[in-house]
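The sequence shown lines up with residues 39 to 180 when you count with our numbering. Glycine included, C-beta positions come from ideal geometry on N, C-alpha and C.
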Amino acid sequence: MSKQNIQHRRRFMGGRATPEQYHSKYAFPPGTKCQVGGCPAHPLTRIIVMVPYEELRKRDPGIDVLAQTDPAKFLAMMIPLKINGPTQPAVNHIRISTVYACKTHTPDAERAAAKGPSWAVVEINRGPGEDKPKVGWGTMPT
């Protein structure tokens, strides 16, 4: 790759937006706003909390009622995760909540997600960040 093909951050989208702004505007469902503190800003972070299905059945047997009354909604909440390595079978998890947070409220949302039970799995997607994108000459592994 020649030095002429480097895409600097100031040239991303023709200089109209940073990668962080582009992610905030287009990576989330249309009309999504920050859900922490009633902020009207575009979200930058998505936090998903998932719990193992068998553990949830032990703690709340009422989950079987949801599985029987609305199976389509129940299956949409089901996520198979391989958390013990690629050789172990996938464990079914239930998506309990999805929260969107703006740049200012991301630390508060992460702190709240960390206070959950130890058996819950939390996925945090922060997007590209301000200085993460590195494209072009000199970024290739040697």
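Check                                                                                                                                   : Outcome
When DSSP builds the beta bridges, which residues end up paired with H119?                                                              : Inspection of the sequence shows that residue 119 is occupied by Leu rather than by His. Looking at the DSSP assignment, L119 forms a beta bridge with V129.
State the DSSP-derived secondary structure class of R84, mapped to helix, strand or coil.                                               : strand
If we count Cβ pairs, one from each stretch, closer than 8 Å, do we get three or more for the region 112-129 versus the region 137-149? : no
Which value, in whole angstroms, describes the spacing of the CA atoms of P90 and A105?                                                 : 15 Å
Which stretch, first to last residue, makes up the alpha helix (DSSP H) that contains V103?                                             : I101 to T107
Among M116, A151, P67 and V159, which one has its Cα closest to the Cα of V74?                                                          : A151
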